[in-house]
Amino acid sequence: MNDSSVTLDSADAPVVAANEPIISIDDLSFSYDLGKTNTLRNISLDIPAGKVTAFIGPSGCGKSTLLRCLNRMNDLVDTAKVTTGKINILGQDINAPDVEAIELRKHIGMVFQKYNPFPKSIYENVAYGLRVQGINNKSVLDQAVEESLQKSALWSEVKDRLNTSALGLSGGQQQRLCIARTIAVKPQIVLMDEPCSALDPIATARIEELIAELQQDFTIVIVTHNMQQATRVSDRTAFFYLGELIEYDETTNIFGNPKIKQTEDYVSGRFG
Amino acid sequence: MAKHFQKRGKRILGLDKQSWIKGFFVGNAGISIVVLFLICFFLMLEALRFFPSHHESLKVYRQSGQEYVGHLINQAEGYQEFVSFTNQAYFAEYDALFSKERGIKDSWGALLGEIEDEGEDLAEALEDARDEEDEAAIAKAEADYSAFLLELTSEVDRASIDSFGRLAKHDDAWESLLEAARTYDPVEEDTPEFVAQAIKAQKEGMSDFTKAKNEIASAGTTLKDLRSKLVGITAKIAEDAEADKSAVARKEAILEGADQLEGEARAAALEEAEKIVIRDEFPYGERVKPLEEAKQAHKDAVVKMSAGLVAGIENIPAQLSSEKAVELVAKIKKGEERFLENVDRSLEQATEWKYDEELGFWNSVAKFFFGRDWITNSSWTDVYGLLPLLQGSVMISCIALFFAVPLSIGAAIYVNRLATLKEQNLIKPSIEMIQAIPSIVLGFFGIMVLGQQLQDWSQAAWVPEMFRIQDRLNAFNAGLLLALMAVPTIFTLCEDALNNVPRAYTEASLALGASKLQTVTRVIVPTAISGILAAVLLGLGRVIGETMVVLLVAGNRISMPDWGQGLGIMMQPTHTMTGIIAQEMPEVGEGTLHYRALFLVGLVLFTISLAINISAQKIIKRLGNA
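Chains as they are written, first to last, in the numbering used here: chain P, 6 to 277; chain Z, 260 to 885.
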């Protein structure tokens, strides 16, 4: 994964070159109540591989919902339903009947708003994703744990206490552990749902540095409330408002030269 | 100054309304605490008084010589088992070898009985005719009699004559019997040749075994006789000693009564009071002399018994044809050595018995907690041993938890994590509804339906021998019903524990590509494990204190299980701590040793329940802190 193209592990997975769309959303409408009201309406956008894409917008605009559509986390809600449109990831319609959400999620990791390590040891937290795939070989796990912790810049801080509870770490460390846990299974795409909203500014800065580094290996989609953060970490930015995609462009354009009035109002702090 | 801030409203007994309301609630809480305290206090008071009384009664047991005779009884009863096994083996063998011969012998006897009953008058007529030597009368009587025999033999009910069906496969023997019956002469009363042969054959064929059997049986008679003699003596000593203790009180009572009387009645009462001897000490030493004297005879009897047993067992024929007999003889031989050792040890202990030996107080405690018998209202002596009851309670609880725990945890996981909302709304109330079934109804169900059903099922060919149910009411049946009672408790608490697992864990696990099942087994259950453990403990508390079901269904046999049965002990009837209290408490006299023993059982039960509840609470608390 060190070259700048990404691929599914399985033999028939297509190869997506850097900057080509790895996720393409086409006219997606989504409802939480079996189609009575649409939370997302007619969204179309392509997310390029190997880049960081930020979703911004005021509360309730649907940016988190869209993110959770990408790894089908919304399946947990019984009444959730994609009413129209398609999401193609790596060239495959992820809502097709023959797609298994479990398999999908092995390729699309997710980091949550509130850090949520399991009440297990640090080691077991990172190894979890591999263990559920049936990998129990100690040396393989050891290597994956070390590699992931190093990539998430946590190794030096925890290497002496891998077997202590993850809940003993500080908030920022816990969130980095969650990132390590996510990248341990080597997904192509990492979704981040406001990963810094529960952290203090110093911890936030560290996570942002980490995102910049991870960008080399993963396609990252990040939802954020914090517009400065979007400008700092992302290559492209999508602005949502009331369930619709208002504008989607290079981050510099969105913040420096928005084409649409609503975007300009939002990024300049006039509402939101 | 204006009094704006003064309290308003009427005061009652110097207290205002707020204080009264507060007092009301404090009172409610206080009453429950006081009641709890009182219950504990009285339970302890009655229960702990058991030990001194028990000690006193054990002392009488020793001093009166009952302890000595107890050894003797054990020896004699142990021996009786061999006698009974030998008898069973003997008859099994007899049946296997000489079933036909026995059938002929017994059937002939039964036929004769029938003939003699029915043909009594005719037989007399025949005898009279022969006495008078009147040819015509003889001929007529003989004709009448053979007509009667012909009729009887043609009508006779084969099943009632050959009541064990031993001749079912021997039609020829049956026909010969009828043939012989038809020509039977009531005056001569001779036995047909083939019947006599059958009797001779079986007698000869069984002679070795008969000899062995009689040898074993007769070897024990001396000890048996000695036993009944000594039991009488010691029981009288114990009774007199008991009476002696209340002598002072009795005398006083009679004298007091005499004061109310006049004249002759008064004199009689005074005389009666005079008869009561008040002694400082009961003369045990003098009274137990006959026992000391019997020691040698006892020893001789035991030696004779052991020798007779060894010789008798050797004389049992080596070749047996009945499978059951072989099995029984193997059992006898297996038990022989251990019995002989036990008898020797028991004899030694008996010889060492001294009526005035000091009896430590801890004996009274140990005999209760480690006693293997619970015998009450017996003609000999009452024994209060907790073990059979404790093991019954523990065994039934284990069976109940064995079934209830996987069921309720499984159900809780399903409802909490996998079921749709609709399924949840159906399953949860249904399981909680089980709690609404009164335990008496469950017990009724256990007796009338489940017991019979389990017994029928257990007869299936694939069920191992030891799990075949002999008694409809047994520990397994009770355990199953208690499992049903424990399910709602464990299920509800488990579900709460699972509910407390943050949703974020589930999401994180699923997002990492785990399946729902993996999420449950690897994240949710390990996280909720202490809550689940607490739920199981509270379920155990519920089960061990349950009374009605076990009283109705457990079979109420007080005995230590026969460990030779392995897990088959689950299929045996048993008794429990709760059951014994419910069963015996209404019938005991207040303040008696039995009464206190039951209170002590109650205290033990209370302590166990308390320990279970406290540990569950501790676990829950730790969960709350984590």
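Beta carbons: idealized from backbone N, C-alpha and C, even for Gly.
Keep in mind that this is a model prediction, so the values were computed, not measured.
Taking a contact to require three or more Cβ pairs closer than 8 Å, the region 642-650 of chain Z and the region 327-335 of chain Z do not qualify as touching. For residue 309 (chain Z), there is no enclosing beta strand (DSSP E); the enclosing alpha helix (DSSP H) has its first and last residue at 309-322. Just so you know, the alpha carbons of residue 559 (chain Z) and residue 428 (chain Z) end up roughly 50 Å apart. Annotation: Cβ neighbours of residue 786 (chain Z) in chain P (cutoff 7 Å, chain order): 124.
Here residue 142 (chain P) is exposed: its Cβ has fewer than 16 other Cβ atoms, across all protein chains shown, within 10 Å.
Nearest CB-CB separation between residue 97 (chain P) and chain Z: not below the 8 Å threshold. For residue 117 (chain P), at least one C-beta of chain Z is nearer than 8 Å to its own C-beta. No Cβ-Cβ contact shorter than 8 Å links residue 126 (chain P) with residue 159 (chain P).
Straight across, the Cα-Cα distance linking residue 794 (chain Z) with residue 659 (chain Z) is about 14 Å. In chain order, 123 make up the part of chain P whose C-beta sits under 7 Å from the C-beta of residue 782 (chain Z).
In this structure, the beta-carbon distance from residue 172 (chain P) to residue 163 (chain P) does not fall below 8 Å. For residue 137 (chain P), the chain Z residues whose Cβ falls inside 8 Å of its Cβ are 768, 771, 772, 773, 774, 777, 781, in order along the chain. Contact check for residue 227 (chain P) against residue 21 (chain P) fails: the beta carbons are separated by 8 Å or more.
Under the three-pair Cβ rule at 8 Å, the region 461-472 of chain Z does not count as touching the region 511-528 of chain Z. Think of a sphere of 8 Å around the beta carbon of residue 680 (chain Z): the chain P residues whose beta carbon falls inside it are 83, in chain order. Look at residue 383 (chain Z) here: in three-state DSSP terms it is helix. Taking C-alpha positions only, residue 242 (chain P) is separated from residue 190 (chain P) by approximately 27 Å. Shortest Cα-Cα distance from residue 266 (chain P) to any of P:256, P:251, P:39 involves P:251. In the DSSP assignment, residue 181 (chain P) falls within the alpha helix (DSSP H) that extends over 176-189. Burial of residue 829 (chain Z) is indicated by the presence of at least 16 other C-beta atoms within 10 angstroms of its C-beta. Residue 668 (chain Z) counts as buried, since at least 16 other C-beta atoms from the protein chains shown sit within 10 angstroms of its C-beta.
Secondary structure note for residue 443 (chain Z): it is in no alpha helix (DSSP H), with a DSSP letter that is neither H nor E. Setting aside the 5 residues that flank it on each side, residue 655 (chain Z) is surrounded in the same chain by 734, 737, 738, 741, 802, 809, 813, 833, 835, each with a C-beta closer than 8 Å to its C-beta; the list follows chain order.
Runs of alpha helix (DSSP H) with 4 or more residues, each lying fully within the region 335-404 of chain Z, are found at 379-391, listed in chain order.
Segment contact: the region 285-293 of chain Z against the region 451-464 of chain Z, fewer than three CB-CB distances shorter than 8 Å; contact not assigned. Two segments are said to touch when three or more pairs of C-beta atoms, one from each, lie closer than 8 Å; by this definition the region 590-604 of chain Z touches the region 338-348 of chain Z. Counting the other Cβ atoms within 10 Å of the Cβ of residue 301 (chain Z) gives fewer than 16, which makes it exposed. CA-to-CA, the gap between residue 102 (chain P) and residue 671 (chain Z) works out to about 30 Å. The beta carbon of residue 259 (chain P) lies closer than 6 Å to those of 242 in the same chain, with the five residues before and after it left out.
The Cβ atoms of residue 770 (chain Z) and residue 232 (chain P) do not sit closer than 8 Å to each other. Using beta-carbon distances, residue 186 (chain P) counts as an interface residue toward chain Z, with a partner under 8 Å. Taken in chain order, the whole beta strand (DSSP E) runs of length 3 or more contained in the region 241-277 of chain P are 241-246, 249-255. At a cut-off of 8 Å between beta carbons, residue 793 (chain Z) makes no contact with chain P. For the pair residue 860 (chain Z) and residue 873 (chain Z), the CB atoms are not nearer than the 8 Å cut-off.
Neighbours of residue 266 (chain P) in chain Z, taken as residues at a C-beta separation under 7 Å, are lacking, since the least C-beta distance is about 37 Å. Residues of the region 154-185 of chain P whose Cβ lies closer than 9 Å to any Cβ of chain Z, in chain order: 172, 183.
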